[in-house]
Amino acid sequence: MTGRNDRSRRYHSLRYLVVIERDHLLPALYGRVFIPPAVAEELDHQSTPDIVRAWLASRPNWLEIRRPIHRLPPVGDASENAV
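Count along the sequence shown from 1, then add 44; that gives the number in this note's numbering.
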């Protein structure tokens with residue numbers, strides 16, 4: 045089957061950290077965090093919990109959405125290929 049559906053979606057650790065209110069650990073560990081646009085789109089997907097979508101809409105200043113400089117060969121879904 046090609047294309048993405050809710051059963052095959054990959055969820056990122058960032059989503060879970062936001063849900064359990066532990067996203068503050070990321071800047072403490074890494075300073076700045078960069079995610080590709082594909083990950084941001086997945087975090088903003090309609091099936092993503094509202095708390096995560098709201099968090100992304102007013103994202104903290106330590107989180108940046110950046111396009112990858114180099115492309116990796118396709119392996120899985122779009123968000124995996126963007127890292």
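No residue lacks a Cβ here, since even glycine has one placed at the ideal position from N, Cα and C.
These numbers come from a predicted model, not from an experiment.
**E108, DSSP secondary structure in three states** = strand
**Request:** Hey, could you find the ends of the beta strand (DSSP E) V77 is sitting in?
**Result:** V77 to I79
**Asked** Is it buried or exposed for V96, if we count other Cβ within 10 angstroms and need 16 for buried?
**Response** buried
**C-alpha gap between Y116 and I79, whole angstroms** = According to the sequence as given, residue 116 is Leu; it is not Tyr. Cα to Cα, the separation comes out at about 15 Å.
**Prompt:** Grouping DSSP H, G and I as helix and E and B as strand, with all else coil, what is D94?
**Reply:** helix
**Asked** Cβ atoms of W106 and P81: under 8 Å apart, would you say?
**Response** no
**Request:** May I ask which residues mark the beginning and end of the alpha helix (DSSP H) holding S57?
**Result:** S57 to V63
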